[in-house]
Structure formats: C-alpha cells, structure tokens
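Taken in sequence, the protein lines are chains A and B.
Under the numbering used here, the first residue of the first sequence carries the number 1, and numbering increases by one thereafter.
Under the numbering used here, the first residue of the second sequence carries the number 333, and numbering increases by one thereafter.
Glycine is no exception: its CB is placed at the ideal position from the N, C-alpha and C atoms.
There are 2 protein chains.
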Amino acid sequence: MTTIHDVARHAGVSVATVSRVLNNSGTVRTDTRARVLAVIDQLDYHPSAMGQSLRLNRTRIVMVVVPEVTNPFVGEVVYSMELAARSRGYSILLHEYHGDQLTDLQLQQYVSTRRIDGLIFLTAEAREKQFQQLAQQLPTILACEYVDHWDIPSVSIDNIAATLDVMRYLMGLGHTRILLISGSAGNVSARDRLRGYRIAHEQAGLPVCEELLQEAEPTPAAAYATLTGAVERGLDFTAVFCASDVLAIGALRALQDKGLAVPRDVSVVGFDDIMFAPFLNPALTTVHQPAREIGERAIAMWLCAAEGKAQDYPVTVRHELRIRDSCAVARR
Amino acid sequence: MTTIHDVARHAGVSVATVSRVLNNSGTVRTDTRARVLAVIDQLDYHPSAMGQSLRLNRTRIVMVVVPEVTNPFVGEVVYSMELAARSRGYSILLHEYHGDQLTDLQLQQYVSTRRIDGLIFLTAEAREKQFQQLAQQLPTILACEYVDHWDIPSVSIDNIAATLDVMRYLMGLGHTRILLISGSAGNVSARDRLRGYRIAHEQAGLPVCEELLQEAEPTPAAAYATLTGAVERGLDFTAVFCASDVLAIGALRALQDKGLAVPRDVSVVGFDDIMFAPFLNPALTTVHQPAREIGERAIAMWLCAAEGKAQDYPVTVRHELRIRDSCAVARR
DNA sequence: CGCCAGCCTGTAATCGATTACAGTCTGATG
DNA sequence: CATCAGACTGTAATCGATTACAGGCTGGCG
C-alpha cells in the first residue's frame, strides 16, 4: 500500500506538504501542488481511512439501529439513509436491536471503542436509561418514533394524530368495536398508537374494551394467529386496526380463512403503506409514512447534531390516510 | 477518553504489559495481571478500535453490497448476516448497488482507503471486470448468485434447477404458454432463471415464444404495469412465472384487476418465499430460498476466506418449491 | 560461586495520517 | 542596503494501539 510518505518521497516534498494539498489547507505553491497531484495520481495513492480516523478521532460511520430490516418499511427508511449518508461521505453500520441486554452492551461497546461517530435509532424500544446514556456520549437521532420527555432530536410522523385519523375514519363508517393489533408494548410507536386508540374512544364517548387490545410479534404469522384466535373465541368486532402493514397482511388472510369477507364483514386498516399495500387483495387502506423523507431528514439532522449546530426538534413529517378497498360501512 | 497509557500509569506498569494482558499474549505474572485488570475495570477502559485498526491493518468491518434492502428477501439475508457477523466480532456496512459507475467508484474507494476488511455481494450485477478487481484486493463472497466462470466463493441455491422445478410443475399442470417476468437482465439470477426457462422448453420440445419474456424493475408496481400491458395487448398465456415474490404480488393484482381469476384463469408462481407469500390471496406458490442459511453461510465462508483457509465452493443450498394456492390446471 | 535458562517486564519503533511551530526564501519598502 | 512581511515548506509531535528486542531477576546446576 502506498502511504503519504511514498508520495512525499516521490514528489521530493515533505508529508506535511502532501497533506496540505490533499486537504487544501495551508498554502502550497502552484507548481508544487501540481507535482504532488501528479505523483498521487501516478502512484494511485488513497489516504488510509484508519490513519485519518485515529488522528482526527472520527470514523465517518454512523450506526443505524433497527428493530427489523426485514420489514419493508424499515428497509425503505434504511435505504434512503444509506444513500443520504453516502452522498455526504458517511457510511451506515447496520445493527439489529430487540431490546435485549446483550445488544445494549454491544452498542455501548461500539461507542466506548469509538468505532462510530453517532447513532440513529429506528426504535426507541431501548430502556430509557440505556438510551440516554448513549445519546449523551455521541450525537444521536431518533427516527420514526418520538418520545415526549426525552430530549433527543427526532423525526417522525405524529403517531397519535395518525391513529386518530384512522379511528375517526372507522368510526365514521359506523365501527365501534375495533380490534387493535399492536406490536410489542416496549415499542414507542405501538404505545402511541394505543394512546391514539384510547383518545379516539374518549372523544367519541365510547368505552375501551380491553379484550380488543391485542399484541403480536411483528410478523404476518403472529397477526394471523392472534386474529384467528380472536375469531375462534367469538370475539365481537367489525374492524381491525393493525399497527403495521406487515401485521395487516396476516390479519387479512386470517379473516378470509375464517370465512369473513374484507371489507364486507370486517374492515382492516394497516400502518406504514409499504410498497405492497396497494397490491394486496383487497388493496389495503393504511397510513402512509414518508419513509424516504424520514430517512433523509434523519441523516440531515444527525449531521447537524454532529456539527454541534442548534436545530429545532422534534420534526414532524406528514402522514396521510390512504383510503383503498379494505374498509366498508360496519355491519350491524 | 482513557487510553492504554492511562491504564499503564495507574497500574504502575508499561503499555506493553497492559497490551499483553488485554490480548493474553506473552507472559504476565498473575498478580501483575490482576492489578492491570483491576485498573482497566476501575477506569472503564476500552481499547480504541482505531488504534488497533491502524496497527493491525484490519477494521473488523465487512461491506454487504445489496441490490435493494427494501425487498424482504434481501432483508432476511442481511438480517442473518448481521447477527452472524456480530457474533464473531464483525460489523456490517451496508451498501446499495444498482450497477452504476459512481457506485463502482465508491466501492473501490472503500477498498483503497482500507475502510473495510472484505466484501459480500448479494448481487453480481457488477460488470465482471470491476468485480474481479475488487475480489482480487479483498476477501470477497458472492451470496444468492453464482456465476460459473468466476472464480469466487459463492453460496446460493441452484437457480436453474429451481426454475426447472417450477417449469415442470407448471407444464405438468398443462401450461405451455408461460409468461416470464424477470428482473433486469444485468442480474445474474435473472439470467439463470431465464436460462432455466429455456432449458425447460427444450426438454419439453416446446418452442420459446420471445413475446412471453418480459422484464420489469423489481417492484410490484412495475410487474403490475408489465402484466396489465400484456393482457391489454391480448397476449396469450395461462401462467405467469415471476422472478421474485415482489413481482408476483404486482402480477397477482394486475390479473385480478383485469378480471382474470388466479388460479382459475391464470396460474402464478413467485420466487424467494418472502414472509408474506403464504398470506397473500391466493397464497402464493413459490420457490423457497433458505435466506437465513444463506446469510450465515456467507459470513462463515467470508471468515474462512479472510483467514486464508481453503474451502470448497460454490456452496449450493437447498431450495424447495412450496406449492400453495396460486396454480391450477391450465384452461384450454 | 559462576553461568545460564526461563520468566517477566520495559523501551522504543511502528502503523498512516494531521498540524503546531519554526525556518527559509522572495520581494517590497524605507 | 537593511529590514520585514508574507508565502512556502519542513521537522517532529501526536492520535492509541501492538510487538520486536533487550534487560533484569530468580533459581537450578555443576
């Protein structure tokens, strides 16, 4: 590997001068600069990232902590983050996180060994203390979720408002017994969606029926099982609101398998608007989240934080209820 | 940040000794070791990854190059890679790749600046020369795709055999005019699936009808458009074979929107067996790929390559045609 | 007692960059 | 001609680890 010393030697200058032309810092005579550049080109020299990192104490790597890359919505966000980061000279280190203690430890390791410049969380499932501790050590952004009493820059839709939109829509169609399938309770957006669910009931003067509140692992299979069970237990409901499209896909199928037509017998609403939603059968009514925008904003905000600039937060991006074919007026 | 020097000073030893206890190298007296460990613990010392990287010339980072994280199948593979890598002390740097020249350059940059220890490609879309050049510089593994004349360790299913399974199945149901919707032609597995398609025709003594060969961007929307167009042009076919489930989802919907029932009027087969496949309506018949296994194997093979150990390749993992509800006997 | 092997430890070079500081050179000015 | 500012460049310290080499100490053996 050719180093800055090789370049210096071949160009007949010192390493300091080579570094100056590399970074456009200090002053260098035009012909010296040309000579150095020629040698750099000729030797195909590329400065060692490790050397730079050590000296400058930054790695140009930001870690993205996700609950499940497997979810297309998450994939979409990560995708846009990768592109946005790359265009600014940063790379994305991917880290799955499921709220386990081992991963907590590993995250702290990354920070302690200064392997990364910062963190972006797509999930606030972490125990608060753990989370704050990381955020204190490195620039940290929360994407897709917002926790009101945490003082951390975040970008997300307004989960409560979005849920209210859904609930009002369903209630407007005459639904009063709405089954909620949410992700695990540790998840913040799940919590917000639950909160929205309760608020909507309050506003409508309806009681919340606890048996209508179901939890499921974030897979279609889990939602399928949950819903199948509910139907078999004879649970009374005319609509299902799923905390993600991934869950909705399982729910759709469970209802159909139980001989319930969607939307004639039961209405279904999802969340996220993944790329499959419009193509499902029936096309899924769901809350659209601007995944790309969230990803890009998150990177922009992270850079802002990393540069120590002040910024306004939380940033709330627009959601939109996309009405398609999975909902209808409630049967009596 | 506390460094190895701080530890050495507090423990009253030299940095060499601290390093020795950290790495269990050389010899250290038991009581000295204990003293050093105590100080490490007390100061909460963690060795700097950058310092180590510079000295040892390795970053413990492997780059995973993917065509689209947004595809749940890819997500699944990446997911298992991340876990497998992490359990061995490595991290995953994610990089989207779409065969563009800029990305080629960026990849080479990563290698030249020694930011990564190696590469795993989930796509062989790269121009061969470019690819070989990277593989020559760093340990490189090909996952999910296999290119016969490239001398690079790879792990994947046998795409041709899998396609043959599908074709035989469809032909066994009486289908002779099978529409193929494949990903972009640059893609290797797309090429293999096309090859399988041709071989199946040969073996059955049927001519390949070029108008039945369609290409589409890897989104449900693109497949939807392609298939809608085909139906509108009055193209004659009784089955559709999609090169991925993502495409199949769009295809399913296009047929239904055109008033064609699946599988009564048209049969549909997908590829990958993403987690949604069994829950679609109708449940999708598709080729199962062991995503988790591919990811884990790829990491294992990469480590093997990185350690310079010999290994057998290509590794072929088992695929399986999962017959569900989207295919039926062909109408005359 | 002298010698030597073997254990333990420290000194200092090294990886590849950046940068503070100092030194040299040039040309303008009084 | 002496002086000096300013442009250009080089020396060497530094970031935080690993490790080759050398030196000190201890104990066993002849």
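Please state the DSSP three-state secondary structure of residue i.
i             : result
residue 475/B : strand
residue 10/A  : helix
residue 660/B : coil
residue 648/B : strand
residue 504/B : helix
residue 237/A : coil
residue 427/B : strand
residue 127/A : coil
residue 370/A : Look at the range of chain A in this structure, 1 to 332, and you will see that residue 370/A is not part of it.
residue 179/A : strand
Do you know how far the Cα of residue j is from the Cα of residue i?
i             : j             : result
residue 235/A : residue 507/B : 44 Å
residue 435/B : residue 453/B : 13 Å
residue 130/A : residue 424/B : 23 Å
residue 658/B : residue 393/B : 42 Å
residue 440/B : residue 58/A  : 21 Å
residue 219/A : residue 287/A : 18 Å
residue 160/A : residue 404/B : 27 Å
residue 5/A   : residue 31/A  : 19 Å
residue 591/B : residue 564/B : 12 Å
residue 469/B : residue 443/B : 8 Å
residue 242/A : residue 414/B : 28 Å
residue 35/A  : residue 638/B : 38 Å
residue 465/B : residue 433/B : 14 Å
residue 652/B : residue 467/B : 31 Å
residue 333/A : residue 406/B : The first residue shown for chain A is 1 and the last is 332, placing residue 333/A beyond what the model contains.
residue 426/B : residue 355/B : 30 Å
residue 397/B : residue 408/B : 14 Å
residue 148/A : residue 373/B : 35 Å
residue 279/A : residue 261/A : 17 Å
residue 348/B : residue 360/B : 10 Å
residue 456/B : residue 520/B : 6 Å
residue 529/B : residue 617/B : 17 Å
residue 89/A  : residue 484/B : 29 Å
residue 311/A : residue 145/A : 18 Å
Note the first and the last residue of the continuous beta strand (DSSP E) segment covering residue i.
i             : result
residue 272/A : 267–272
residue 81/A  : Counting along the chain, residue 81/A falls outside any beta strand (DSSP E), though it belongs to the alpha helix (DSSP H) covering 72–87.
residue 389/A : Because chain A is modelled from 1 through 332, residue 389/A falls outside the range shown and cannot be assessed.
residue 451/B : 450–453
For the alpha helix (DSSP H) holding residue i, just list the boundary residues, first then last.
i             : result
residue 230/A : 220–232
residue 51/A  : 49–56
residue 40/A  : 30–43
residue 528/B : 520–536
residue 547/B : No alpha helix (DSSP H) contains residue 547/B, which is instead part of the beta strand (DSSP E) from 545–547.
residue 66/A  : Taken as a continuous stretch (DSSP letters only), residue 66/A belongs to no alpha helix (DSSP H), being part of the beta strand (DSSP E) at 61–66.
residue 470/B : Careful: residue 470/B lies outside any alpha helix (DSSP H) and carries neither H nor E.
residue 110/A : 101–112
residue 19/A  : 15–23
When every heavy atom of the ligand NAD is checked, does at least one fall within less than 7 Å of the C-beta of residue i?
i             : result
residue 649/B : Of ligands this structure carries none, so the ligand NAD is not represented either.
(message) At a CB distance below 7 Å, what residues from the stretch 112–141 of chain A approach chain B? Give them in sequence order.
(response) 112, 113, 114, 115
(message) If the cut-off is 8 Å on Cβ atoms, which residues from the stretch 80–93 of chain A count as contacting chain B, listed in chain order?
(response) 82, 83, 86, 91, 92, 93
(request) Kindly provide the ranges of any alpha helix (DSSP H) runs that are 4 or more residues long and lie completely inside the stretch 586–645 of chain B, ordered along the chain. (result) As summarised for the stretch 586–645 of chain B, the continuous alpha helix (DSSP H) elements at least 4 residues long and confined to that stretch are 623–638, given in chain order.
(message) Any C-beta of chain B within less than 8 Å: which residues of the stretch 253–270 of chain A qualify?
(response) 253, 256
(request) Taking a Cβ distance cut-off of 7 Å, strictly less, list which residues of the stretch 497–513 of chain B are near chain A, in chain order. (result) none
(request) Using a Cβ-Cβ cut-off of less than 7 Å, give me the residues of the stretch 336–360 of chain B that come near chain A, in sequence order. (result) Listed in sequence order: no entries.
(message) Short of 8 Å Cβ to Cβ, which residues in the stretch 224–237 of chain A face chain B?
(response) 224
(message) At a CB distance below 7 Å, what residues from the stretch 392–413 of chain B approach chain A? Give them in sequence order.
(response) For the stretch 392–413 of chain B, the set of residues with a beta-carbon nearer than 7 Å to any beta-carbon of chain A comprises 401, 402, 404, 407, 408, 410, 411, in chain order.
(request) Quick one: which residues of the stretch 572–583 of chain B get their C-beta closer than 7 Å to a C-beta of chain A? List them in chain order. (result) 581, 582
(message) Can you pull out the residues from the stretch 369–391 of chain B whose beta carbon lies closer than 8 Å to at least one beta carbon of chain A?
(response) 376, 378, 379, 380, 381, 382, 383, 385, 386, 389, 391
(message) Any C-beta of chain B within less than 7 Å: which residues of the stretch 203–224 of chain A qualify?
(response) 219, 220, 224
(request) Could you name the residues of the stretch 274–288 of chain A whose beta carbon sits closer than 7 Å to any beta carbon of chain B, in the order they occur along the chain? (result) 275, 276, 279, 281
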